[in-house]
Each structure stands twice: as structure tokens, then as C-alpha cells.
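Novice: Mind having a look at this structure? Questions to follow.
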Amino acid sequence: MPRPRPAPDTYKTGLIRPPDFDQFWQGVLADAAEIPLNPSMEPVPHRSTDEVEVFEIGYDSLDGVRIAGWYCRPRETYLTGPYPGLLLVPGYISEPTLPKSWAKLGYAAVGVAPRGKLRSNGQFNPGYPGLLLENSMDRNTYSYRGFYVDAVRALDFVKTRPEVDAERIGVHGSSQGGALTIVVSALRAGEIAAAAAGAPYLCCIMESARLSHTYPYEEINEYLRLYPEREAAMTETMAYFDCVNLAPLVTCPTMVYIGQVDDCVPPETGYALRDALTCPVEFHASDDCAHDAGVYWKMSRVTSFLAEHLQPASTGRRAEQTVG
Amino acid sequence: MPQTTPTPSEFAAFWDALDAELAGLPAVADLEPLPLRSGPDYTCYTLRLTSVGPYRIFGYYSVPTGPGPHPGLLLTPRYGSVNHVPDYAERKRYAVLQIMHRGQRLADRPYAAAYPGLLTDGIDTPEGYVYRGIVADCLRAAEFLASRDEVDRSRIGIAGDDLAIITAARRPVFSVLQVTGYLLYRAAEARLRSEAYPTEELNDYTRAFPDQEAAIDQTVGYYGAELFAPAVTIPSQLAVGDDGAINGPEWLAPLAEALGGPVDLYRLTHAGGADNDALDTWLAGQLGVPPLPKFLRELA
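Structure representation (C-alpha cells):
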């Protein structure tokens, strides 16, 4: 019998943090640390301007997968370094950001393309739909194991750049980008100075599928309709990748913004994330907003929040709205 | 100022030639049931069709459970490498087709589009521009949907960006049009006002090839939605942004005035939930089905 949906801020998650959760991630990061980064950086003159230089970058990640990205930095003639670093992490189906507008704000900015995204899909390409459930019966082979590490290693890339001030590196994204914002901030706590996450996906993953009929979570509903016997194994795996379980590891100031009627990422799970974070949190919930998370109004605050913590040389311009 | 708009005869000849090319190619539709994406309320299929090239394109086609015919809905491709399977709320009410154009995932062999990059692929000439083929892909999808017995041919809608306008103009099988984005409309002017991608791709290209600037403006002129608009005589809804914006009321006025049927201008609130519901309600009303918000107000 259908029942009215309770107010999202009253939601209490039943998510369980596996007892070996920290050990699991320490192991994954130790495996990743064994792999040389092999960073590369090629100028892209036709996408560069008088103010911003654009580069295609590459680095190695878990399982030997080569990861691509965009790197945009202010020209010295426009703004002098050192620059704060900013990782822009992508949504589920969106293209990796080519972050020229952020470089114009004074950041050395990386648009990350984790495995499966265009230009990082030569060795791994589960597609969309597909990524969310690829090898989800086993936490040691689950797609997001490598995908998360790819985002984390973008931090290693930006720290190789002499023009970047390693004490001022932030991370930002919406939807899956919001999830990756939490992931990077949690798994490399102490190295991220500020984080801004819109409509953070991958929070209370299995519960989200019961609160939504919208993709990507609908992938879970469809799969379990055909294979209900696999729910327990999937639930066990997902707990290791759930951002609500990663949240207590985050130490930097963090902004989270959500939509109160988000059909894609249930607002209940945004509140669950807020409640799990123990770092300084600035939380915004916008009425009548869905997966946009109120970005029309909140983008200026994202920009000022990051600027307050990362101190770019120029704050007089606006970045493009972040999409998930 | 170089000419950026083709003459009426150039325009007509260009698009008539594409129609002739398509007409000479059998579509060879291949529908396969897709149990993973099907459920009690609908059956989903993968669809493959031949478009100009020849090139094999892909779609997700979903049909509601129960006696038809059902209202049809064609969703034209977004600008990006991935289009989702149609949403649950659409699949419950419409025989809905989401087409992937050449270069997008599932239609990316042998041609894989680059993002950024697609918007300027072949842009030096109207004939070589990748969007000629992309328009053909959308036209092919319209022909498929209108040919289906389970679709009520008096109630077929089309929704998307200006590809939806072009498709509705060239294939008069639709009863309603909804436009929520503008990619090639007034592109030669838009690029001078924006540094945001994907429009910035045009600026990147002109920086790299300054001698081609007039040529690319000429090419995108063939794809301007306002030139197609008089042939669209069905009710249309345009999503309208803020005053002064590139999708604002002044910017869209030439398009709204050129459309040949009644036009509803929906002023976006920018609150995504409210906007989704309002747009859904209008389209559902036009196609004779109940509105259905995506956000679940009740839980099982």
C-alpha cells in the first residue's frame, strides 16, 4: 500500500559501515601507491586563450588503466602563480569538464575523466547504463574501486605541478561529481583544503534505489527484478563504496547542496550525508529543486566558498554552472 | 558582414537532397526485446536503423503495457556522448523512442564523437558538417516511430533541443513539439556572446582557423532553427530563460514568431522540480495522458 513520503530531513539511514571498511580502503590505496603515476601533459593550443592554457593530461591508475583529463591554468601574463589547485569531477553521464572558466578565476584546474569516460575508455568501458553495476558482486573487482582511485590520483597529478600550491587544493562536482568530491576528500583527508558537493550521488546507495525510479539508481531496481537473489551480495559490496560511510573521514570544510524534490538522488540521502560528516559543513537544501540542486542560486556561493578557502588571485569572474 | 543565412532556394535544395538520400536507403529496423530494462508497466527494446552514410544508429524504444495504440514520443539526442534510457515516467505513458545519433555511445562505431569536438566536426561546409548526418538520424527515428502500429499516429510528440524543431519541420508526423534547449539556433551570434561549452567549441575553432570564420558561420546558418520554424504548424512549447540570456525571451523571439503554429512560452523558474513538473504537465495534456512527476510523492 503506497504511503506518503515523509519529510526528507527526518530520514534515518539503515546503512551499516563494514567493520573492515577502513582496512579495505587502506589496502586499495596501498595497491594504487605501488603504481607509478607517469603523468603526461600535452598543450592544446586551439582551446587555449590569451588568459588560459589548456592541456590534455594523462596518468596511470589501478589495474594499469590510463586515465585522461583536461588541465587548465592561467597564463603567467594573465595571473601569476602559484595557483590553488581545483579538481572538477564529473557526473555519471556528463562529459568531463574542460575547466577554462575556473582557470580564468585563478585556479590550476583539472577536469578528471575516470575510467569509462571518453578518452579513458580504451581498457574499461561498461557504458551507461552499466557503470553502476559492473562487477558489483565483489568489492575487490567492483567498477567504482578503480573509478574512485582514478579521481584520487588526479590529486597526485595536480601535486606534480610546480605552479600549484599544494596547501590550497580543492575539489568540486555535482551528482556523481558530488560523490567523487566526498571520495577524494575522504581518501586523501589532510590534502584537500575545501570541497563543494552538489546533489551527492552514491549515498545510501541501496536505499536510494527504493526511493527513486530515475537512472542511474533505476539500474539497481531493474537488475534486482531479474536477479533478486543477488541483492545481499550487492548490498555488501555497495557498503564499501557508499559516501555516507566515507564521510567521517573528511576533515576539510565542505559545502553540500541538494534539491528537496530530486528524483535522481533522493534528498533523504543528502541529509544522511550531512549527518555523517564530522568536518565543518555548510548545507543548503533548495525547495522545488530537483537534480539541479538549486545551482542557479547556489553557484555563486560555490564560487565564493571555494575562493574563501583556496584564495585564487582573481575572484571577479564567474565560473560556468556545474552540471552533474 | 558575410552572409550567414542561405537563400530560401539554397536552403530548400540542401535539405531536399538529404531527404532524397534517406529515401534511397532502407532503414532495416532491427528491434530486440531488452528484458533487463523492461518491467510490469512497459517493454523495452533496443533498436537499430540505417541512416545516411550508410550508418547504423541506435535507440531505446519502450512501449507501455496494455492495449494500444499509445501516444508516441520521440526524444532527440542531447549534446553529449550518452543518452539515458527513457525515464520511467515516460515509459509508463508513451511509446517512447530515445535515439542516439552517430558518434554517441551505442552508435559510436565506426565513428566516435569527441566532446568537445563534435560541434565543429566538418563545419567548413554545410555538406560536410557532421550535423547533416545527425539530422538524418533524427529524421530516420521519426519515420520509425510514425510507422508503428502500436503508436496512435494522431498523438505523437517530439521533445529535445533544436534538433526537435528541425525534425518536426521535415517530418510532419507530430502533433506537438516541446523545446528545452538551443544548440545551433543563432549559433553565429551566440558564439560571440558566450565562452561556455559547447558554444565555446565554435570560438576555439575560429581561433585555430581564423580564415574559416565566415565559412563556419555560413554552415551553421543552414541549421538555424528559425529557418525550419515556419514549417512547424503544430502546437509548440519553448522553454525560456532569463531576460538577456542566450535562451531568454528576446533571444528566442525570432524563433517564436517564425513558428507556424500556436506557441506556448514557458518561463523557466530554474527550480528543476517545478520546471520538470510544468513541462511534463503541458506535454501530457497535449498528448492526452495524465501528468506524472518524476519525484515520487508516495513510496511503496
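Protein sequences appear in the order of chains A and B.
Reading the first sequence from the start, the letters are residues 1 to 324 in the working numbering.
Reading the second sequence from the start, the letters are residues 1001 to 1300 in the working numbering.
No residue lacks a Cβ here, since even glycine has one placed at the ideal position from N, Cα and C.
Since the structure is predicted, the reported quantities are computational estimates derived from the model, not experimental observations.
(1) May I ask you to report which of helix, strand or coil DSSP gives Arg1267 (chain B)?
(2) Is any beta-carbon of chain A found at less than 8 Å from that of Arg1109 (chain B)?
(3) Using a C-beta to C-beta distance shorter than 7 Å, which residues of chain A count as neighbours of Tyr1115 (chain B)?
(4) So for Asp292 (chain A), helix, strand or coil by DSSP?
(5) Excluding the 5 residues preceding and the 5 following Met1001 (chain B) in the sequence, name in chain order all residues of the same chain whose CB lies nearer than 6 Å to its CB.
(6) Given 8 Å as the limit, is there contact between the region 1143–1162 of chain B and the region 1072–1080 of chain B, that is, 3 or more CB pairs closer than that?
(7) Figure out for me which residue from B:Val1263, B:Arg1170, B:Glu1150 and B:Leu1238 has the closest Cα to the Cα of Tyr1223 (chain B).
(8) Would you mind stating whether Gln1104 (chain B) and Pro1086 (chain B) have Cβ atoms separated by less than 8 Å?
(9) Hey, quick one: how far does the beta strand (DSSP E) through Met1100 (chain B) stretch, first residue to last?
(10) Mind checking Met1 (chain A): buried by the 16 CB within 10 Å criterion, or exposed?
(11) Apart from the five residues on each side of it in sequence, which residues of its chain come closer than 7 Å, Cβ to Cβ, to Val1063 (chain B)?
(12) Indicate the three-state DSSP secondary structure (helix, strand or coil) for His309 (chain A) in the structure shown.
(13) Between Thr214 (chain A) and chain B, is any beta-carbon pair separated by less than 8 Å?
(14) For Thr1180 (chain B), which residues of its own chain have a beta-carbon under 6 Å away from its beta-carbon, when the five flanking residues on both sides are left out?
(15) Put Glu1201 (chain B) into one of helix, strand or coil per three-state DSSP.
(16) Under three-state DSSP, which class holds Leu1075 (chain B)?
(17) Give me the DSSP bridge partner(s) of Phe55 (chain A).
(18) Using a Cβ-Cβ cutoff of 7 Å, what residues of the region 1067–1098 of chain B are near chain A? List them in chain order.
(19) Flag this pair as yes or no: are the beta carbons of Ile1216 (chain B) and Asp1124 (chain B) separated by less than 8 Å?
(20) For Tyr92 (chain A) and Gln176 (chain A), I'd like the C-alpha separation in whole angstroms.
(21) Using a Cβ-Cβ cutoff of less than 6 Å, which residues in the same chain neighbour Leu1287 (chain B) once the five nearest sequence positions on both sides are dropped?
(22) Residues of chain B with CB under 8 Å from Glu53 (chain A), in chain order?
(23) For chain A, is any of its Cβ atoms less than 8 Å away from the one on Pro1291 (chain B)?
(24) Compare the C-alpha of Trp1282 (chain B) against each of B:Leu1265, B:His1270, B:Glu1298 and B:Phe1295 and name the closest.
(25) Keeping to the same chain, check which residues put their C-beta closer than 6 Å to that of Leu1163 (chain B); ignore five residues upstream and five downstream.
(26) Between Ser212 (chain A) and Asp287 (chain A), which are expected to be in contact by the criterion C-beta below 8 Å, what is the C-beta distance as a whole number of angstroms?
(27) Can you list, in chain order, the stretches of the beta strand (DSSP E) that have 3 or more residues and sit fully within the region 1120–1189 of chain B?
Specialist: Taking the structure as given:
(1) Taking the second sequence and counting its residues from 1, one reaches residue 1267 (chain B) at position 267. DSSP places Arg1267 (chain B) in strand when its eight states are reduced to three.
(2) Stepping through the second sequence from its first residue, residue 1109 (chain B) is reached at position 109. No, no contact with chain A.
(3) The residue given as residue 1115 (chain B) occupies position 115 in the second sequence. By Cβ distance, chain A contributes Glu95 and Leu118.
(4) For the purposes of this step, residue 292 (chain A) is taken as residue 292 along the first sequence, with counting starting at 1. Coil at Asp292 (chain A), not helix or strand.
(5) In the second sequence, the residue the question calls residue 1001 (chain B) occupies position 1. Legend: pLDDT at Met1001 (chain B) = 40, less than 50; position of this residue unreliable, value from coordinates given subsequently. Contacts found: none.
(6) yes
(7) Here residue 1223 (chain B) refers to the residue found at position 223 of the second sequence. The candidate whose alpha carbon is nearest that of Tyr1223 (chain B) is B:Arg1170.
(8) Within the second sequence, residue 1104 (chain B) is the residue found at index 104, counting from 1. Within the second sequence, residue 1086 (chain B) is the residue found at index 86, counting from 1. No; because the gap between Cβ atoms is not below 8 Å, this pair is not in contact.
(9) Counted from its first residue, the second sequence places residue 1100 (chain B) at position 100. It spans Ala1095 to Met1100 - the beta strand (DSSP E) in which Met1100 (chain B) sits, taken as one unbroken run.
(10) Within the first sequence, residue 1 (chain A) is the residue found at index 1, counting from 1. That one is exposed.
(11) Taking the first residue of the second sequence as position 1, residue 1063 (chain B) is located at position 63. Contacts found: Tyr1042, Thr1043, His1070, Ala1095 and Glu1150.
(12) Taking the first residue of the first sequence as position 1, residue 309 (chain A) is located at position 309. Residue state, collapsed to three classes: helix.
(13) Numbered from 1 along the first sequence, position 214 holds the residue referred to as residue 214 (chain A). Taking Cβ atoms only, chain B reaches closer than 8 Å to Thr214 (chain A), which makes this a yes.
(14) In the second sequence, the residue the question calls residue 1180 (chain B) occupies position 180. If we look at Thr1180 (chain B) and ignore the five residues flanking it on each side, its Cβ neighbours are Ala1239.
(15) Taking the first residue of the second sequence as 1, we reach residue 1201 (chain B) at position 201. If DSSP states are grouped into helix, strand and coil, Glu1201 (chain B) belongs with the helices.
(16) Position 75 of the second sequence, counting from 1, holds the residue named residue 1075 (chain B). Reduced to three states, the DSSP call for Leu1075 (chain B) is strand.
(17) Numbered from its first residue, the first sequence carries residue 55 (chain A) at position 55. Paired residue(s): A:Pro43 and A:Tyr71.
(18) Gly1080, Ser1081, Val1082, His1084, Val1085, Asp1087 and Tyr1088
(19) Position 216 of the second sequence, counting from 1, holds the residue named residue 1216 (chain B). Position 124 of the second sequence, counting from 1, holds the residue named residue 1124 (chain B). Against a cut-off of 8 Å, the Cβ pair of Asp1124 (chain B) and Ile1216 (chain B) comes out as a contact.
(20) Your numbering for residue 92 (chain A) matches position 92 in the first sequence. Your numbering for residue 176 (chain A) matches position 176 in the first sequence. Going from the Cα of Tyr92 (chain A) to the Cα of Gln176 (chain A) covers about 5 Å.
(21) Locating residue 1287 (chain B) in the second sequence gives position 287, where the first residue counts as 1. Excluding residues within five positions, the ones whose Cβ falls inside 6 Å are Pro1071, Arg1155 and Gly1157.
(22) Here the question's residue 53 (chain A) lines up with position 53 in the first sequence. What Glu53 (chain A) touches in chain B: nothing, since even the nearest Cβ is about 13 Å away.
(23) As a first step, residue 1291 (chain B) is located in the second sequence; it is residue number 291 there, counting from the start. Not an interface residue.
(24) Along the second sequence, read from residue 1 onward, the residue named residue 1282 (chain B) stands at position 282. Looking at the Cα atoms, B:Leu1265 is the closest of the given residues.
(25) The residue labelled residue 1163 (chain B) in the question sits at position 163 within the second sequence. Contacts found: Thr1076 and Cys1138.
(26) Here residue 212 (chain A) refers to the residue found at position 212 of the first sequence. Here residue 287 (chain A) refers to the residue found at position 287 of the first sequence. Not a contact, Cβ separation roughly 19 Å.
(27) 1151–1160 and 1176–1179
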